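Only one structure is covered here, and it is reproduced in the block below.
2 protein chains.
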Amino acid sequence: MGMVTVAAVQMACGPGADGNIERMEHLVRAAAAQGADIVLTQELPATPYFCKDQDPAFFALAQPVAGHPLVARMADLARTLGIVLPVSIFERANTAYFNSLVVLDADGEVRALYRKSHIPDGPGYQEKFYFSPGDTGFQVVQTRHGRLGCAVCWDQWFPECARTMALKGAEILLYPTAIGSEPQDPSWDSQGHWTRVMQGHAGANLMPLVAANRIGRETGHSCDVTFYGSSFIAGPTGEIVAQAPRDAEAVITARFDLDAIARQRAAWGIFRDRRPDLYGSLLSLDGGP
Amino acid sequence: MGMVTVAAVQMACGPGADGNIERMEHLVRAAAAQGADIVLTQELPATPYFCKDQDPAFFALAQPVAGHPLVARMADLARTLGIVLPVSIFERANTAYFNSLVVLDADGEVRALYRKSHIPDGPGYQEKFYFSPGDTGFQVVQTRHGRLGCAVCWDQWFPECARTMALKGAEILLYPTAIGSEPQDPSWDSQGHWTRVMQGHAGANLMPLVAANRIGRETGHSCDVTFYGSSFIAGPTGEIVAQAPRDAEAVITARFDLDAIARQRAAWGIFRDRRPDLYGSLLSLDGGP
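One line per chain: the protein sequences are A and B, in this order.
Those letters in the first sequence? Residues 517 to 805, by this note's numbering.
Those letters in the second sequence? Residues 517 to 805, by this note's numbering.
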């Protein structure tokens with residue numbers, strides 16, 4: 517695919533969707549102005565992270581992909597700027613609800629719909645109340661600016677997901693995110709843990725990885741969460757190439773030679789030496805057989 | 517399993533096995549004197565890293581596990597010190613040759629034999645000339661001082677191996693290693709890459725990880741390799757807890773509460789939320805079906 521510039525943007529989300537989407541568009545334009553070909557925005561950018569609480573009222577936020585106003589507006593933006601733009605939405609599909617990612621290509625067309633496969637559940641992150649585990653499988657999407665492995669937030673903790681996208685030909689891994697404090701334990705800060713696990717995916721699969729997280733303190737009915745930003749771009753040995761602050765709006769970019777990285781990946785021999793005959797236990801939950 | 521102290525030791529290997537084994541025993545005793553319950557030594561510690569060259573003469577170094585002099589001596593040492601001691605050997609098994617790890621329990625008994633599953637091949641690291649890919653599958657070994665996931669060197673690059681050991685109940689991951697410079701490209705230093713990928717395994721599986729590497733410059737027929745040491749111990753979020761220098765003999769230790777880590781692992785929810793129904797492509801080489 518040659519040279520490509522990737523960007524991650526991060527921001528706080530207020531109560532009003534219009535204001536959030538204005539800020540999001542402003543940041544995407546700023547990234548494109550810095551030369552970005554692919555711009556990653558955070559998970560569920562149109563609203564506060566409503567999963568802090570189990571509140572049935574929030575199901576009203578979900579909308580189908582077809583005619584989704586955020587998708588439509590971002591499709592215009594992607595086409596105007598000639599950028600690839602994955603957009604995270606709360607998707608309603610008949611009676612089902614998903615945490616979904618719509619991958620918009622640089623022509624503004626929907627190139628893929630991915631439904632988040634791994635759904636977290638814990639204090640501050642009550643996602644199993646809202647979202648069914650995704651039914652699309654992991655998605656690798658051919659776009660104008662490269663073959664992208666696109667997953668969502670909690671998926672980023674699973675080596676299986678990153679490896680599967682790599683095996684299916686991904687050249688870059690992308691993870692929109694909403695992660696921050698643990699309301700049940702103010703001393704618990706997972707930012708380093710979060711970063712290191714994804715650096716591991718980048719290094720193990722020898723490919724760049726982009727994570728975009730939100731910032732800001734959000735107050736729910738039952739708890740507060742302070743999102744820790746720290747969006748980052750890792751290179752193909754897992755090294756941090758660019759990183760945003762914990763608490764400020766940001767646009768970060770990095771430029772990669774995907775052909776050179778593909779040669780490096782082949783030369784290192786990892787994919788040559790895999791042993792699928794020994795990996796059967798990965799298809800179990802309990803390590804059997 | 518409660519509290520356990522793990523150690524990694526690193527050293528240079530000279531041409532004479534006796535001298536190497538003396539130094540190895542000295543370092544293992546030093547680690548035990550620092551309270552270590554489990555001591556990890558490097559890959560193939562009895563000899564120079566002969567895989568720099570493809571030389572049939574080196575097959576004469578291989579010996580069966582039964583009656584292996586290094587294993588016998590280390591078994592005495594493990595029993596005397598009451599430590600768990602995995603020992604890396606070049607194993608001959610009838611007509612087959614393996615890069616094997618004999619896991620000695622604190623009573624001096626052989627608790628498991630693991631044969632390295634992933635075999636590298638490239639300038640300076642001609643392992644496919646000597647070793648068949650291991651046929652034991654990944655091993656998790658119940659010892660007096662914990663349930664250990666034991667693999668060898670190149671295995672450390674494969675998230676599949678670490679995850680499988682975690683799924684089978686490992687509490688700590690151990691990797692004896694021989695890695696250093698790339699003779700074909702003196703500017704290529706994989707130490708950071710090597711470290712980050714294993715930090716990723718520790719963080720993704722929420723368990724400590726120990727890597728022991730050799731040091732020193734070794735001259736082969738066809739090339740030289742400078743082993744970069746940097747043996748390290750990572751904690752359950754992938755953080756570096758202890759790390760040895762690149763170029764000096766060293767003993768490093770760290771103490772962990774394995775019960776507390778098991779609670780942390782369950783609370784984080786990663787193993788609860790896996791999606792084996794979506795992982796089928798991991799059993800392929802090419803990402804199919």
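Note that beta-carbon positions come from the ideal geometry of N, C-alpha and C, so glycine has one too.
Since this is a predicted model, take the numbers as computed values, not measurements.
For the stretch 678-700 of chain A, the residues whose beta carbon sits under 7 angstroms from a beta carbon of chain B are, in order, R679, T680, L683, K684 and G685.
Under DSSP, B:G638 takes part in a beta bridge, and its partners are B:Y641. With a cut-off of 8 angstroms on Cβ pairs, the stretch 764-775 of chain B is not in contact with the stretch 564-579 of chain B, counting fewer than three such pairs. Following the DSSP letters along the chain, one finds B:N729 in no alpha helix (DSSP H), marked with neither H nor E.
Around the Cβ of B:R730, a 10 Å sphere holds 16 or more other Cβ atoms; the residue is buried. In the DSSP assignment, B:T742 forms a beta bridge with B:R733. Contact between A:L556 and A:L690 holds: CB atoms are separated by about 5 angstroms, below the 8 angstroms threshold. An exposed status is given to B:T735, since fewer than 16 other beta-carbon atoms sit within 10 Å of its beta-carbon.
As summarised for the stretch 547-594 of chain A, there are no continuous alpha helix (DSSP H) elements at least 4 residues long confined to that stretch. The DSSP-derived three-state label of B:S616 is strand.
Restricting attention to B:D637, B:G530, B:V618 and B:I749, the CA atom closest to the CA of B:R608 is found in B:V618. In this structure the stretch 522-529 of chain B does not touch the stretch 783-790 of chain A; the number of beta carbon pairs closer than 8 angstroms is below three. For A:A667, the closest C-alpha among the options A:A622, A:R660 and A:F654 is that of A:F654. B:I635 is the residue among B:I635, B:L593, B:H584 and B:H737 whose C-alpha sits nearest the C-alpha of B:Y646. Taking every protein chain shown into account, the CB of A:F575 has fewer than 16 other CB atoms within 10 angstroms, so this residue is exposed.
Residues of chain A with a Cβ closer than 9 angstroms to the Cβ of B:L725 do not exist, since the nearest Cβ in that chain sits about 11 angstroms away. The stretch 590-600 of chain A makes contact with the stretch 622-634 of chain A; the number of CB pairs closer than 8 angstroms reaches 3 or more. With distances taken between CA atoms, B:F748 lies nearest to B:Q707 out of B:Q707, B:R545 and B:N721. Collapsing the DSSP output to three states places B:R539 in a helix. Between A:L774 and A:G518, the alpha-carbon positions lie close to 5 angstroms from each other. Contact check for A:S633 and B:L683: beta-carbon distance about 18 angstroms, past the 8 angstroms limit, so the pair fails to qualify. For B:V713, the enclosing alpha helix (DSSP H) stretches over residues Q707 to N721. Taking a Cβ-Cβ cut-off of 7 angstroms, the neighbours of A:R791 in chain B comprise S633, H634 and P649, given in sequence order. Residues of the stretch 601-633 of chain B with a C-beta less than 8 angstroms from any C-beta of chain A: S633, listed in chain order.
About 19 angstroms separates the beta carbons of A:A720 and B:P792, which is beyond the 8 angstroms limit, so they are not a contact pair. Closest in C-alpha terms to B:G685, from the list B:G650, B:M714 and B:L722, comes B:L722. The Cβ of A:E559 sits no closer than 8 angstroms to any Cβ of chain B. For A:V522, no chain B residue has a Cβ inside 9 angstroms of its Cβ, as the nearest lies near 19 angstroms away. Only those residues of the stretch 753-766 of chain B whose C-beta falls short of 7 angstroms from the nearest C-beta of chain A are listed: T753, G754 and E755. Look at A:G796 here: in three-state DSSP terms it is helix. Secondary structure at B:R631: strand, using DSSP grouped into helix, strand and coil. Contact of B:R712 with chain A is assigned, a C-beta pair being separated by under 8 angstroms. Straight across, the Cα-Cα distance linking A:R660 with A:V581 is about 22 angstroms. Counting along the chain, B:T521 sits inside no alpha helix (DSSP H); it lies in the beta strand (DSSP E) bounded by residues M519 to Q526.
The alpha-carbon separation between A:G696 and A:G754 amounts to approximately 22 angstroms.
Contact of A:A720 with chain B by beta-carbon distance below 7 angstroms involves W673, P675, V713 and G716.
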